[in-house]
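Reviewing the structure listed below.
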Amino acid sequence: MSEQDQEKAAKRAQWEEINRAKALARQKQAEATDQGQATAVLPKKQFQVVRGTRDLTPSDTHLWNHVETVAREVFGTFGFGEIRSPILERFELFARSIGSETDIVSKEMYTFDLLASREVMHLQGQLYGSLRNPGRFTGNLFELLKCLKDAWDSQQIEQTESNDRAIKKLEQIYKELYSSIETDEAFLQAANDPQIRKMVLEASDVSRQIVVWPQFVVLRPEATASVCRSYIEHSMFQLPQPVKLYYMGPMFRRERPQKGRYRQFYQIGAEVLGGNDAPAIDAEVIEMVMTFLDRLELPGLQLDINSIGHNAPDCRPKYVELLREELRKVKDQLGTDSRRRIETNPLRVLDSKLESEQAIIAKLPHIADHLCDACATHYADVKSQLQLRGVIYRENWRLVRGLDYYMRTTFEITAQGLGSQNAVCGGGRYDGLVELLGGPPTKGIGFAIGEDRLILSLQDAGKVPARQGRDVYIAWMGEHAYPAAVRIAKLLRNEGFSVELPPTEQKFGKALERASKLDSRYALILGDNEVSEGSYTLKTLADGTQEKYAEPDLLEFLKGQQ
RNA sequence: GUGGGAGUAGCUCAGCUGGUAGAGCGUCGGUCUGUGGCACCGAAUGUCGCGGGUUCAAUCCCCGUCUCCCACCCCA
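Written out as structure tokens, the structure is:
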């Protein structure tokens, strides 16, 4: 013990000395650099991706592209066409479709104020500030009127009669002011003219009565609403029905990032709009997405289906009331979240993952037993249509969707390797949505696949297609070989081969080493010997064999191997 | 938004309840000037996530912050 203590004390003393020496050295160095170059080093702050977003580099994108290619192929075979809608949409589009009470709309959207409201407020302030200068006042009033009219057209001003009157009044005052101070003389006199002063004051008063609501543009949190908007906006109901569309691209939700959940995430989805609500359509949509996922060899696939009826007194609302009553009876045994939902959204109680609630939930009434006749028939037909197509499903009476617009058929697909975020696809029928967004009554059904999760699951299962290396690595040596190398590279690339042409000369061994590191299939050897003979040596890197070819033979051979 | 864990080389990670940082893989170069994968040798790369505090001294202890991971919430 005491020995150790002594050692420590000795070390400590030693270091004190060293520290002092270092401090001295540092001081000297500082003095030296003061005389020499004063190095002004900028703080090196590295940029990094914003939270919840990420880069996908070639080692990722090769799988992403594979997934997207298969999606396009499969969806194409079902007669779907791609739609690309903007990433920016009006806030109201999602507030109306998804439901303004949902988390997505109430707190997870990235929003931008279109600035019109601020601009108007600014102009209103300027107008007031220029009360004493009729000339400027008139100019400001003109600007303000322009903005107000735009705001009125885009419904940023409440469409009331009094607002309408106020704008018209301003317009009238503007015209009178404009005509009465047309001449310079009038302009000079205007400031003292009681008539004009009165108009100016009135205009200022009236303008400030008008409230302009901010108008928000958002980054889309999902695409179904966008597709419906587009369907309406392009009058697609005049096309042969139904219209079958698919999309893929980034969506944005400001949630806490987690495995399989990002703030910028990607969805692949499809929608069938218009026509009738034949159960065969529901079944075909499900068959399509299952075909797609099967083709990718996604492991551990589980398809759950359910029907949540429709919004009529003899259907879902009736069941929701029944469910609420049953839940109230067992309220004491439920957690706080579920207790709250009894009143706000009893269906979501069925979703609960709480272990302690499972036994209670299991005894609750099933919605399938309380559907109206039409919905019950529809559900039964969807199931038989699925069987007809050989689609294996599991009925899950607890499957309810979180978004307001769903009705009747709902489904969800889960996969392996995703932790608690195991849903890889969700979808359902939404017959009222297009009408809700201002279109004609239109049937609709669709799904969205979480591409990030799909990719995770594929990676987890090792279902990543081998990355393709180069087809041909050109191992050229010597000045004479270089022009020939450039020429043959061009020829081969024109034929669609992936060719690596080293920009500078390499030692032979190095060239072959690089060729194999780049997973090249062949090394094309091109040195003095070959140049003088007008031939090429082609080495197959897998087995080390090599052969000489004349140019036409070489091309023919490689094309045969493609 | 709430709770827990983590952050050390390009990657995966070691680092002894404080003494100025290491391995493997990868990268680059050499052994090797017409034959790669192997082997051997060598090199580069770190403000130990960032900021502050305690200390003679902090990768280590304390506080804050950012990011990632896990769970909740919600959803794809």
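Here the first sequence is numbered in numbering that gives the first Met the number 0, starting from 0 and rising by one per residue. Note that CB positions come from ideal geometry on N, CA and C, so glycine has one too.
- The beta carbon of I267 lies closer than 6 angstroms to those of A70, M247, I448, E450 in the same chain, with the five residues before and after it left out.
- Cβ-Cβ separation between Q125 and W212: approximately 20 angstroms, too far for a contact (criterion under 8 angstroms).
- Following the DSSP letters along the chain, one finds S419 in no beta strand (DSSP E), marked with neither H nor E.
- Assignment of V485 by DSSP, reduced to helix, strand and coil, places it in the helix class.
- Bounds of the alpha helix (DSSP H) holding P133 are 133–152.
- Here I487 is buried: its Cβ has 16 or more other Cβ atoms, across all protein chains shown, within 10 Å.
- Annotated as proximal: S84 and V226, with beta-carbon spacing under 8 angstroms.
- E499 sits buried, since 16 or more C-beta atoms from the chains shown fall within 10 Å of its C-beta.
- Exposed is the label assigned to F111, since fewer than 16 other Cβ atoms lie within 10 Å of its Cβ.
- Within the DSSP secondary-structure output, Y548 pairs in a beta bridge with Y535.
- The C-alpha of P464 lies about 34 angstroms from the C-alpha of A549.
- In terms of CA proximity to F93, D403 leads the group D192, D403, M289.
- Among the bridge pairs identified by DSSP, W475 is matched with L525.
- Taking P316 as the centre and dropping the five residues before and after it, the same chain places the C-beta of N310 closer than 8 angstroms to its C-beta, in chain order.
- Around the C-beta of V66, 16 or more other C-beta atoms lie within 10 Å, and the residue is accordingly described as buried.
- Looking at the DSSP output, Y261 shares a beta bridge with no other residue.
- Just measuring C-alpha positions, the residue of M108, V199, E296, G559 sitting nearest Q171 is V199.
- Listed in chain order, the alpha helix (DSSP H) runs fully inside the region 200–287 are 223–232, counting runs of at least 4 residues.
- Only residues of its own chain outside the window of five on either side were considered, and among them C146 have a CB closer than 7 angstroms to the CB of E118, listed in chain order.
- Pairwise C-beta distances place the region 476–490 in contact with the region 522–530, as three or more of them are shorter than 8 angstroms.
- The three-state secondary structure of Q301, taken from DSSP, is strand.
- As for any alpha helix (DSSP H) of minimum length 4 sitting wholly inside the region 395–468, the runs are 432–435, 450–459, ordered along the chain.
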